[in-house]
Amino acid sequence: AKVCGGGGKYPLITAMKEELNREKRSPPYPDIDWAKTSKAAEIASPTTLPPATKIDVKELLRNAGLDKVKKRTEIKRTNPDVPEIEDKNSQAPKVFCYFTNWSTRRPGKGKFEPEQIDPFMCTHIVYAFATLEDYVLAPGEDSDVGEEFQPGLYSRIQGLREDNPNLKILLAIGGWAFGSKPFKELTENVFRMNTFVYDSLEFLREYQFDGLDIDWEYPRGAEDKANYARLVKELRMAFEGESESSNQPRLILSAAVPASFEAVAAG
């Protein structure tokens, strides 16, 4: 069978074939007969590959992070004539990792439990996802809060703090399946939004989360943009006020936002 490869119409394929076979053709550049070419080519004999090396991904990532920190802290000046400048605004890197509440229902090796998380691999764990019920924060799954004699995923993932007390655990609201409509309905009404903000304070404290992650996928247009900014502002102000009145660390506020040109252009 003859396939594409004519010199005039497909110059790149023709050049590749000529170079591999060390030949030159004359016009009118007939199509390459790849059937003949493949028969004449030498076929590599199969080889036995060495066994795969088992890699502990969590340990690999942890070691990589520690190595980076070590290099940053052990930098030495190469030019003593240049004064050393201390960056007072520098901070240690923050590594956010998402844990989804449906990962425990995956079949086979895809199943993943909270206890399998390395508590030192990330600085922040974001538990995904909560939902809205009557425009207030609510568990996304029944398994989130558990039952009387069966701990829920909330308490199980917070058990990681026993090994790493510095670990921060946030609750995410939204997600791709959640969509944009619930956020639109929430933010277009001031009363709904204020109720959500102050109810979220109680919810996060009750279930011992360190903060809230807003995952609105995705705001579009000037109205959504303004309402999104208003929601974030109200949450931040409420978090600050609650922290001052309760003498507790301020709840963390984060957001998952798109970086695609389409999403940015849409506002």
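Under the UniProt record's numbering, think of the first position of the sequence shown as 1, with each following residue one higher. A virtual CB, placed ideally from N, CA and C, is assigned to each residue, including glycine. As the structure is a computational prediction, the values presented were derived from the model and not from experiment.
Asked, Found
"Spatially closest choice to Tyr135 from Trp176, Val145, Leu186, by CA coordinates", "Leu186"
"Beta-carbon proximity of Phe96 to Val126, cut-off 8 Å", "yes"
"Meets three-Cβ-pair contact criterion under 8 Å: the stretch 232-239 and the stretch 136-155", "no"
"Three or more C-beta pairs below 8 Å linking the stretch 169-185 and the stretch 206-219", "yes"
"Simplified DSSP state of Val197, which is helix, strand or coil", "helix"
"Buried or exposed (CB count within 10 angstroms, at least 16 for buried), Val197", "buried"
"Contacts around Ser260, its chain only, beta-carbon distance under 6 Å, and the 5 residues preceding and following it disregarded", "none"
"Contact under 8 Å by Cβ, Gln210 with Lys168", "Here residue 210 is Asp; the residue named in the question, Gln, does not match the sequence. Yes, these two residues count as a Cβ contact at 8 Å."
"Contact test: Gln158 Cβ vs the ligand MG heavy atom, cutoff 7 Å", "No copy of the ligand MG occurs in the structure displayed, which carries no ligand at all."
"Segment limits, beta strand (DSSP E) that includes Ala138", "136-138"
"Ile75 versus Ser90 - alpha carbon distance", "Unreliable placement is indicated for Ile75, whose pLDDT of 43 sits below 50; the coordinate value is still reported in the next sentence. Looking at the two C-alpha atoms, the distance is approximately 15 Å."
"Of the listed residues Ser243, Ala222, Asn164, nearest to Arg205 (C-alpha basis)", "Ser243"
"Cβ distance (whole Å) where Met121 is taken to contact Lys58 below 8 Å", "6 Å"
"Inter-residue Cα distance where the pair is Ile173 and Thr14", "56 Å"
"Endpoints, the alpha helix (DSSP H) within which Ile157 is located", "153-158"
"Start and end residues, beta strand (DSSP E) containing Asp215", "211-215"
"Residue range of the unbroken beta strand (DSSP E) whose run includes Tyr207", "That residue, Tyr207, is in no beta strand (DSSP E); it is neither H nor E in DSSP."
"Beta-carbon proximity check, Lys111 vs Thr100, cutoff 8 Å", "no"
"Asp163, buried or exposed, once every other Cβ within 10 Å from all chains shown has been counted against 16", "exposed"
"When Val257, Ala238, Leu137 are compared against Pro249, the one with the closest alpha-carbon", "Ala238"
"Inter-residue CB distance, Ile157 and Pro114 (contact presumed, cutoff 8 Å)", "4 Å"
"Proximal residues to Thr123 (C-beta, below 7 Å), its chain only, five neighbours per side dropped", "Lys94, Val95, Lys168"
"Span separating the alpha-carbon of Gly146 from that of Trp102", "14 Å"
"CB contact check: Glu59 to chain D, cutoff 8 Å", "Of the protein chains in this structure there is only one, and it is not chain D."
"Presumed contact (8 Å Cβ cut-off) between Leu170 and Ser245, rounded CB distance", "No, Leu170 and Ser245 are not in contact; Cβ-Cβ is about 21 Å, not under 8 Å."
"Beta-carbon proximity list for Val190, same chain, < 6 Å, skipping 5 on both sides", "none"
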